[in-house]
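**Q** If you scroll down you'll find the structure; I have some questions about it.
There are 2 protein chains.
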Amino acid sequence: MSTSRTELKDLGEFKLIENITQNFKLHHTTSIHGIGDDAAVIDTGNFYTLVTTDMLVEGVSFDLTYCPLKHVGYKAVVSNIADIIAMNGVAEQITVSIAISSRFTLEAVQELYQGIYRACEHYQIDLVGGDTTSSTSGLILSITAIGRVSKEKLCLRKGAKPYDLVCVTGDLGAAYLGLQILNREKELFEADPHMQPKLQPYQYLVERQLKPEARTDMIQMFEQINLVPSSMIDISDGLASELLHISKASGVGITVYENKLPIDQKTHETAEALHLSSTLCALHGGEDYELLFTIPQSELPKIEKCSNIHMIGYVTDPSLGVKLITNSEESIDITAQGW
Amino acid sequence: MSTSRTELKDLGEFKLIENITQNFKLHHTTSIHGIGDDAAVIDTGNFYTLVTTDMLVEGVSFDLTYCPLKHVGYKAVVSNIADIIAMNGVAEQITVSIAISSRFTLEAVQELYQGIYRACEHYQIDLVGGDTTSSTSGLILSITAIGRVSKEKLCLRKGAKPYDLVCVTGDLGAAYLGLQILNREKELFEADPHMQPKLQPYQYLVERQLKPEARTDMIQMFEQINLVPSSMIDISDGLASELLHISKASGVGITVYENKLPIDQKTHETAEALHLSSTLCALHGGEDYELLFTIPQSELPKIEKCSNIHMIGYVTDPSLGVKLITNSEESIDITAQGW
Numbered sequence: 047m048s049t050s051r052t053e054l055k056d057l058g059e060f061k062l063i064e065n066i067t068q069n070f071k072l073h074h075t076t077s078i079h080g081i082g083d084d085a086a087v088i089d090t091g092n093f094y095t096l097v098t099t100d101m102l103v104e105g106v107s108f109d110l111t112y113c114p115l116k117h118v119g120y121k122a123v124v125s126n127i128a129d130i131i132a133m134n135g136v137a138e139q140i141t142v143s144i145a146i147s148s149r150f151t152l153e154a155v156q157e158l159y160q161g162i163y164r165a166c167e168h169y170q171i172d173l174v175g176g177d178t179t180s181s182t183s184g185l186i187l188s189i190t191a192i193g194r195v196s197k198e199k200l201c202l203r204k205g206a207k208p209y210d211l212v213c214v215t216g217d218l219g220a221a222y223l224g225l226q227i228l229n230r231e232k233e234l235f236e237a238d239p240h241m242q243p244k245l246q247p248y249q250y251l252v253e254r255q256l257k258p259e260a261r262t263d264m265i266q267m268f269e270q271i272n273l274v275p276s277s278m279i280d281i282s283d284g285l286a287s288e289l290l291h292i293s294k295a296s297g298v299g300i301t302v303y304e305n306k307l308p309i310d311q312k313t314h315e316t317a318e319a320l321h322l323s324s325t326l327c328a329l330h331g332g333e334d335y336e337l338l339f340t341i342p343q344s345e346l347p348k349i350e351k352c353s354n355i356h357m358i359g360y361v362t363d364p365s366l367g368v369k370l371i372t373n374s375e376e377s378i379d380i381t382a383q384g385w
Numbered sequence: 047m048s049t050s051r052t053e054l055k056d057l058g059e060f061k062l063i064e065n066i067t068q069n070f071k072l073h074h075t076t077s078i079h080g081i082g083d084d085a086a087v088i089d090t091g092n093f094y095t096l097v098t099t100d101m102l103v104e105g106v107s108f109d110l111t112y113c114p115l116k117h118v119g120y121k122a123v124v125s126n127i128a129d130i131i132a133m134n135g136v137a138e139q140i141t142v143s144i145a146i147s148s149r150f151t152l153e154a155v156q157e158l159y160q161g162i163y164r165a166c167e168h169y170q171i172d173l174v175g176g177d178t179t180s181s182t183s184g185l186i187l188s189i190t191a192i193g194r195v196s197k198e199k200l201c202l203r204k205g206a207k208p209y210d211l212v213c214v215t216g217d218l219g220a221a222y223l224g225l226q227i228l229n230r231e232k233e234l235f236e237a238d239p240h241m242q243p244k245l246q247p248y249q250y251l252v253e254r255q256l257k258p259e260a261r262t263d264m265i266q267m268f269e270q271i272n273l274v275p276s277s278m279i280d281i282s283d284g285l286a287s288e289l290l291h292i293s294k295a296s297g298v299g300i301t302v303y304e305n306k307l308p309i310d311q312k313t314h315e316t317a318e319a320l321h322l323s324s325t326l327c328a329l330h331g332g333e334d335y336e337l338l339f340t341i342p343q344s345e346l347p348k349i350e351k352c353s354n355i356h357m358i359g360y361v362t363d364p365s366l367g368v369k370l371i372t373n374s375e376e377s378i379d380i381t382a383q384g385w
């Protein structure tokens, strides 16, 4: 081992991936796209096969104090399906690997798989493989999803062009606020184990956090209205992070408007009550699993009547960077960390 | 959560998998084979796509005291390739996910990926995706390999028929003895940190443990001599366990001969010095990553001149079970635990 010591926390996930994968070369002409998109793209003849994978670690990615194992399983499948959808594809198979400590019983593992099963039924996914092993601490879950997309319908992060319109589906920030509510109730519960959690008023937010859904309906709609986005990504790390990914991969600038961000009334109210900015929740909250995509202006008529799609801005020259025009008409740089 | 408590250690891995996957139904006609073989089989038109996945946990699957990170990475890729090969396929892509605690530096992660890179170069595999996350304890590695096989050349665990010949490639038991040697040197080192490990006389065994290879050469040879085994599996858990898998999946009995088991001279000598039975090492040691396969007797001429292939027995009627005929001509039941 080398004698120099670079701490991983000083590097960040994206820099780490860049560093460790820079020497890898692709050997097969069938490997169309590798690292750097929501899923890998493999040429399998008549269509592209899509492969994506996620690893979830107890105590890092989820907290079993308030997240039932059934929800951990469901959400893990959904987040992988969302990555396949982001390529404009359809997920068909998953493999599930788990490492579990002796703290878990068969009944606990069964509960986890009930959630996985529920998601497989809902999204018509086949569980075709996996691995089970022991862990020295807690539960670790690794899911790989396999899907397919017609070659002419593949969407990547690259492909956005200046003057394209920037769109998002659904609403943003709710999953993050759901997490804040769950954390607050957990703290209250730890202080007084007799308290009853008051989650009812926040049902929408908590459900967005614990049981998110992947926008398969949008992919079906794109098919119906014959729309192929020029670029697409799913919103798992927050809108800001995903805008920066599209900008970097496409080599473009993007301008979005604060007053166009789709934020649910309940998200607004709760953010205010918690002294948080709902705009910041939408930009940096993450785990919404909505889609961010761009379309040429000529395609606008196709989506004008879709109530679930919101235009939030437009693509610009790369020199203009990634900007938010605030409600007070200030132009602010969007960064991964905050603004 | 249910109120009953079934400890996982009372169940074992295969029973656990059976239990949690029994309710899963396959929705897609493209999902040809799911759980229960070395890899899943997906119909992608002109050929089958193969998918396999493994999860490795520090302190359970590997010990960093004597296994350098480079070897952990190399071996993890090899064990996945071996699963694709067991289907008579060729591995083309992998995804690699890691969870790492703050104990690890960038340099350590780079060393792990050097091993992964080396295996990718050697076996012409493309690293096309993955995930990186934090862990609360140690290193966890999850690899998924994707490969392909012509539809008429697919080999499953099922397909063996009575009177078929049972063959293995290479030699068995060496990887297990390599592990015993490494464990012995570790104990000596812990007792006296000034000792120098004496690994040189055991180089072959230690290399079989730390840097195993997948038998891609055998798949190429099968292609050249136009042989399609009637069933096949890779020897990762030990010959006994794999014989039982073929027997169960194919619905047949198997008889193998102790004096036919391919065991290297060094394995014999070291087993004797450690007061172990080399036959038991071959049957239950595991991690050899050799191939176990069956062929119809009519195919025998095709393999008679292949020095790397050893006939160890034949397939029988299911009522005869899985048996070892010992050197003293006793017939003994082969079980997963021992005999």
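These protein sequence lines are chains A and B, in that order. Sequential numbering from 47 applies to the first sequence in this note's numbering. Sequential numbering from 47 applies to the second sequence in this note's numbering. Glycine is no exception: its CB is placed at the ideal position from the N, C-alpha and C atoms.
Against chain A, does lysine 55(B) count as a neighbour if the rule is that its beta carbon must be under 9 angstroms from one of theirs?
**A** Yes, lysine 55(B) counts as interfacial toward chain A.
**Q** Give, in chain order, every residue of the stretch 135-152 of chain B whose Cβ lies closer than 8 angstroms to some Cβ of chain C.
**A** The question asks about chain C, but that chain is absent: this structure's protein chains are A and B.
**Q** Could you give the uninterrupted runs of the alpha helix (DSSP H) lying entirely in the stretch 141-209 of chain B, keeping only those of 4 residues or more?
**A** Entirely contained in the stretch 141-209 of chain B, the alpha helix (DSSP H) runs reaching 4 residues are, in chain order, 152-169.
**Q** Do aspartate 217(A) and aspartate 334(A) come within 9 angstroms of each other at the CB atom, strictly closer than that value?
**A** It is a contact, given that the beta carbons lie within the stated cut-off.
**Q** Output the boundary residues of the beta strand (DSSP E) element that contains lysine 369(B).
**A** Where lysine 369(B) is concerned, the enclosing beta strand (DSSP E) stretches over 368-371.
**Q** I want to know whether the stretch 129-147 of chain B touches the stretch 250-259 of chain B - three or more CB-CB distances under 8 angstroms.
**A** At 8 angstroms Cβ cutoff, the stretches do not touch.
**Q** Contact criterion: CB-CB distance below 9 angstroms. Does serine 183(B) meet it with respect to chain A?
**A** At least one chain A Cβ lies under 9 angstroms of serine 183(B).
**Q** Check for me: the beta strand (DSSP E) holding valine 274(B) runs from which residue to which?
**A** Run containing valine 274(B): none; DSSP gives neither H nor E here.
**Q** For isoleucine 63(A) versus alanine 122(A), is the C-beta spacing smaller than 9 angstroms?
**A** Not closer than 9 angstroms, so no.
**Q** Which whole runs of the alpha helix (DSSP H) in the stretch 76-146 of chain A are 4 residues long or more, in chain order?
**A** Qualifying alpha helix (DSSP H) stretches, in chain order: 115-131.
**Q** Please tell me whether, using a cut-off of 8 angstroms, the distance from the CB of leucine 256(B) to the nearest non-hydrogen atom of the ligand SAM is below it.
**A** Inclusion of the ligand SAM in the displayed structure is not the case, the ligand content being empty and no account of it being possible.
**Q** Going by C-alpha distance, which of Glu318(B), Pro258(B), Asn373(B), Phe150(B) is nearest arginine 164(B)?
**A** Selected option, being the one with the closest Cα: Pro258(B).
**Q** Can you have a look at aspartate 210(A) and say buried or exposed, based on whether 16 or more other CB atoms are within 10 angstroms of its CB?
**A** Its Cβ being crowded by 16 or more others within 10 Å, aspartate 210(A) is buried.
**Q** Counting only Cβ pairs nearer than 8 angstroms, list the residues of chain B close to glutamine 170(A).
**A** Ordered by position in chain B, the residues that pass the 8 angstroms Cβ test against glutamine 170(A) are His73, His74.
**Q** Flag this pair as yes or no: are the beta carbons of isoleucine 186(A) and isoleucine 186(B) separated by less than 9 angstroms?
**A** Result yes, Cβ atoms of isoleucine 186(A) and isoleucine 186(B) sit closer than 9 angstroms.
**Q** Could you check which residue in Cys213(A), Asn354(A), Leu225(A), Gln249(A) has the C-alpha nearest to that of serine 277(A)?
**A** If we check each option's Cα against that of serine 277(A), Cys213(A) comes out closest.
**Q** State the Cα-Cα distance for the pair threonine 90(B) and leucine 200(B), rounded to the nearest angstrom.
**A** For threonine 90(B) and leucine 200(B), the distance between alpha carbons rounds to 14 angstroms.
**Q** How about isoleucine 279(A): is its C-beta nearer than 9 angstroms to some C-beta of chain B?
**A** No, no contact with chain B.
**Q** Spatial neighbours of threonine 111(B) within its chain, please: CB distance less than 6 angstroms, with the 5 preceding and 5 following residues excluded, ordered by chain position.
**A** If we look at threonine 111(B) and ignore the five residues flanking it on each side, its Cβ neighbours are Lys232.
**Q** Could you compute how far the alpha carbon of alanine 137(A) sits from the alpha carbon of leucine 228(B)?
**A** Approximately 44 angstroms between the Cα atoms of the pair.
**Q** Spatial neighbours of histidine 175(B) within its chain, please: CB distance less than 6 angstroms, with the 5 preceding and 5 following residues excluded, ordered by chain position.
**A** It should be noted that the sequence gives glycine, not histidine, for residue 175(B). Cβ within range, chain order: Thr141.
**Q** Sort out for me which residues DSSP pairs cysteine 213(A) with in a bridge.
**A** For cysteine 213(A), which the question treats as bridged, DSSP gives the partners Phe339(A), Met357(A).
**Q** State the start and end residues of the unbroken alpha helix (DSSP H) segment that holds threonine 316(B).
**A** Segment 311-319, the alpha helix (DSSP H) holding threonine 316(B).
**Q** Excluding sequence positions up to five away, which residues of its chain have a Cβ less than 7 angstroms from the Cβ of glycine 284(A)?
**A** Once the five neighbours on either side are set aside, the close Cβ partners of glycine 284(A) are Leu329, His330, Gly331, Gly332.
**Q** For the stretch 265-294 of chain A, which residues have a beta carbon sitting closer than 8 angstroms to at least one beta carbon of chain B?
**A** Here the close residues number zero.
**Q** Would you say glycine 305(B) faces chain A, with C-beta separation under 9 angstroms as the test?
**A** Here the sequence assigns asparagine to residue 305(B), which means glycine is not the residue at that position. It does not; no Cβ of chain A falls within 9 angstroms.
**Q** Quick check: what's the CA-CA separation for glycine 58(A) versus valine 368(A)?
**A** If I take the Cα positions, the gap works out to 21 angstroms.
**Q** Should lysine 116(B) go down as buried or exposed, given a rule of 16 or more other Cβ atoms within 10 Å for buried?
**A** Buried, by the Cβ-count rule.
**Q** By DSSP, does serine 293(A) sit in helix, in strand, or in coil?
**A** Residue state, collapsed to three classes: helix.
**Q** Put threonine 301(A) into one of helix, strand or coil per three-state DSSP.
**A** Three-state result, threonine 301(A): strand.
**Q** Grab me the residues of isoleucine 349(A)'s own chain with a C-beta within less than 6 angstroms of its C-beta, minus the 5 sequence neighbours each way, in chain order.
**A** Hits under 6 angstroms: Ile355.
**Q** Let me confirm a value: arginine 51(A) is counted as buried when at least 16 other C-beta atoms fall within 10 Å, else exposed. Which label applies?
**A** Burial call: exposed.
**Q** Using only the alpha-carbon positions, how far apart do threonine 372(A) and lysine 312(A) sit?
**A** Taking the straight line from one Cα to the other gives about 21 angstroms.
**Q** With 9 angstroms set as the bound, which would you pick, yes or no: does the beta-carbon of asparagine 92(B) sit closer than that to a beta-carbon of chain A?
**A** Closer than 9 angstroms: yes.
**Q** In chain order, what residues of the same chain have a beta carbon less than 6 angstroms from the beta carbon of tyrosine 222(B), not counting five sequence neighbours either side?
**A** These residues qualify, in order along the chain: Cys327, Gly331.
**Q** Measuring only the C-alpha atoms, how far is serine 365(A) from leucine 290(A)?
**A** Those two C-alpha atoms are separated by around 14 angstroms.
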